[in-house]
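Position one of the sequence shown corresponds to residue 5 (my numbering), numbered consecutively onward. Have a look at the structure below, then the notes.
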Amino acid sequence: MVIKYREIDDNPRIPISPEKLIVGTRLPFDIFIRDGGLFSPLFDKDMLFTVAAKDLLKEKRVSEIYIQQKDAFNLDAYISKNKAQRNSYYDDPAVFQEYAFYKEQYFQIDKNLLVAGKKIDFSIFMQNELSFIPIIAATDTSPAVIDEKILDLTGDVLIKRSDILRYYAYINSFLNSKDIPENEEPKIKAFAVRENSKLIIKEFLDDPRSGQKVKKATTAVNKITDRILENKDAIYDLLSLRNYDYYTYTHSVNVTVLSVGLGAAIGMKRNDIEKLGVGALLHDIGKSAVPSEILSRQGKLNNIEYKVIKNHVIEGEKLLRAHNDFPEESFAAVLQHHEKLTGKGYPFGLSGSGIKLFGRITALADSYDSLTTQRPYKLAVSPFSALSIVAKETGNYDPELLGVFIKMLGKIK
Ligand SMILES: [Fe+2]
Ligand SMILES: [Fe+2]
Numbered sequence: 005m006v007i008k009y010r011e012i013d014d015n016p017r018i019p020i021s022p023e024k025l026i027v028g029t030r031l032p033f034d035i036f037i038r039d040g041g042l043f044s045p046l047f048d049k050d051m052l053f054t055v056a057a058k059d060l061l062k063e064k065r066v067s068e069i070y071i072q073q074k075d076a077f078n079l080d081a082y083i084s085k086n087k088a089q090r091n092s093y094y095d096d097p098a099v100f101q102e103y104a105f106y107k108e109q110y111f112q113i114d115k116n117l118l119v120a121g122k123k124i125d126f127s128i129f130m131q132n133e134l135s136f137i138p139i140i141a142a143t144d145t146s147p148a149v150i151d152e153k154i155l156d157l158t159g160d161v162l163i164k165r166s167d168i169l170r171y172y173a174y175i176n177s178f179l180n181s182k183d184i185p186e187n188e189e190p191k192i193k194a195f196a197v198r199e200n201s202k203l204i205i206k207e208f209l210d211d212p213r214s215g216q217k218v219k220k221a222t223t224a225v226n227k228i229t230d231r232i233l234e235n236k237d238a239i240y241d242l243l244s245l246r247n248y249d250y251y252t253y254t255h256s257v258n259v260t261v262l263s264v265g266l267g268a269a270i271g272m273k274r275n276d277i278e279k280l281g282v283g284a285l286l287h288d289i290g291k292s293a294v295p296s297e298i299l300s301r302q303g304k305l306n307n308i309e310y311k312v313i314k315n316h317v318i319e320g321e322k323l324l325r326a327h328n329d330f331p332e333e334s335f336a337a338v339l340q341h342h343e344k345l346t347g348k349g350y351p352f353g354l355s356g357s358g359i360k361l362f363g364r365i366t367a368l369a370d371s372y373d374s375l376t377t378q379r380p381y382k383l384a385v386s387p388f389s390a391l392s393i394v395a396k397e398t399g400n401y402d403p404e405l406l407g408v409f410i411k412m413l414g415k416i417k
């Protein structure tokens with residue numbers, strides 16, 4: 005004990021607020037916590053400050069942490085560097101352009117299918133602000149074992165796009181393995197169906213013209229429909245709830261799950277549910293024609309850029325007309341998902357009965373999912389608030405569908 009006190013004298017500590025630590029950065033100093041008169045080490049220098057570490061501080065209600073006085077200089081540099089980076093994110097198109105480029109190199113995956121102790125041959129990254137931070141490094145020649153610490157991370161987990169096929173093999177080996185406990189099986193199956201659907205729609209977005217794509221999309225929709233018709237609570241496992249950013253493929257799968265769920269809840273026939281689902285999965289396919297830099301920057305756009313985004317509806321129709329196996333009824337989901345019953349939507353400003361059932365359903369699912377998705381420049385609202393926002397916009401959505409939708413998502417937190 006005496007030694008510890010002497011340490012304080014030799015090496016004075018200064019208090020700082022835990023708020024100063026920025027998730028996703030490596031700590032440039034050791035961090036201590038004061039326990040009575042003693043300082044105990046909390047985080048070591050060079051440690052990656054993760055969301056889990058931040059949550060830990062919150063959980064323990066730590067209001068003050070300490071660094072050594074000799075590190076005060078590092079603190080200033082650390083704060084100003086990160087502050088400068090942060091401020092520039094939202095205003096500088098060049099930053100977004102670069103970000104969009106990098107973002108395209110990654111694919112967002114589901115953390116729930118990463119199991120501690122399993123071997124992987126692809127690296128894992130986490131997104132923080134506009135950077136991608138390596139969490140596990142692995143290749144086929146030097147695989148790694150999943151560390152349970154990764155499972156505590158909150159936020160988006162990603163892989164390199166070039167590792168998609170390896171990830172796909174991982175999911176399949178996992179599905180076929182015997183170590184899934186029986187009670188976990190429906191959940192795991194739902195997660196796998198979701199990941200698989202994301203991959204299929206990603207492929208479609210990357211190359212929307214080549215053949216056989218609608219067939220694959222239909223298979224994905226069939227699997228989603230199977231899960232929901234078997235057990236309506238599967239909706240919760242099929243949705244990706246927490247995203248740091250917007251990925252068209254994740255959004256498309258969410259809109260499909262919500263639309264199929266809603267179709268099933270209002271008693272639609274299986275055949276119609278599938279057509280609705282295919283339309284929902286491909287509702288934003290026209291976004292493949294929008295530069296990813298504009299897509300990532302939605303919300304901070306000039307008029308021309310808005311027009312480019314809005315044009316995804318017409319572009320989507322055009323792309324899908326070239327696939328002659330895309331069902332005619334499904335076009336309503338593509339063409340009308342931004343229409344509002346009040347007539348204030350786009351591209352046609354249709355109102356009332358001018359908007360078909362598939363259009364009404366996908367419009368609701370689309371707005372809800374967009375509200376619950378976090379973006380680099382705005383926080384997501386909780387599913388509950390999203391429901392109340394959508395509910396308050398009376399007049400925009402079909403009131404009957406809205407009632408069923410709210411009931412369907414009643415259990416969501
Ligand atoms: Fe859209
Ligand atoms: Fe959408």
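Quick reminder that beta carbons are idealized off the backbone N, C-alpha and C, glycines included.
- Nearest to Ala224 by C-alpha distance, out of Leu243, Leu391, Lys202, Ala238, is Lys202.
- Between Ile20 and Ile83, the C-beta gap is not smaller than 7 Å, which leaves the two residues out of contact.
- For Leu405, the uninterrupted alpha helix (DSSP H) segment begins and ends at 403 to 412.
- Secondary structure note for Val161: its beta strand (DSSP E) is the uninterrupted segment 161 to 164.
- Buried is the label assigned to Ile239, since at least 16 other Cβ atoms lie within 10 Å of its Cβ.
- Residue list for ligand 2: Asp288, Asp370 (CB closer than 5 Å to any heavy atom, chain order).
- The alpha-carbon separation between Glu332 and Pro147 amounts to approximately 47 Å.
- Annotation: the continuous beta strand (DSSP E) that includes Phe47 extends over 42 to 47.
- In the structure shown, Lys123 adopts extended strand secondary structure according to DSSP, grouped into three states.
- Under the Cβ criterion (8 Å, minimum of three pairs), the region 305 to 314 does not count as touching the region 259 to 266.
- If you compare the alpha carbons of Val338, Thr377, Lys348 with that of Lys360, the shortest gap goes to Val338.
- Runs of alpha helix (DSSP H) with 4 or more residues, each lying fully within the region 250 to 338, are found at 252 to 269, 274 to 285, 296 to 300, 307 to 314, 316 to 325, listed in chain order.
- Boundaries around Pro19 are those of the beta strand (DSSP E), 17 to 20, since no alpha helix (DSSP H) includes it.
- Contact between the region 288 to 308 and the region 202 to 214 is present: three or more C-beta pairs spanning the two stretches fall below 8 Å.
- For Val294, the closest of Pro22, Leu305, Ala284 by C-alpha to C-alpha distance is Leu305.
- The criterion of a C-beta distance shorter than 7 Å is not satisfied by Arg301 and Val257.
- Three or more Cβ pairs closer than 8 Å define a contact, and the region 267 to 283 falls short of that threshold against the region 177 to 196.
- The Cβ atoms of Lys191 and Asp237 do not sit closer than 7 Å to each other.
- Each residue's CA atom was taken as its position, placing Phe335 and Phe362 some 9 Å apart.
- Remark: C-beta atoms of Lys344 and Asn307 do not approach each other more closely than 7 Å.
- As a beta-bridge residue in DSSP terms, Asp39 pairs with Leu42.
- Cβ neighbours of Leu46 within its own chain (closer than 7 Å, five residues either side excluded): Ile35, Phe36, Ile37, Ile69.
- When C-alpha distances from Leu169 are compared across Leu134, Gly159, Ile150, Ile124, the shortest belongs to Ile124.
- For the 7 Å CB-CB criterion, Phe53 and Leu79 do not form a contact.
- Here Gly356 has Leu345 as same chain residues with Cβ atoms under 7 Å from its own Cβ, once five neighbours each way along the sequence are excluded.
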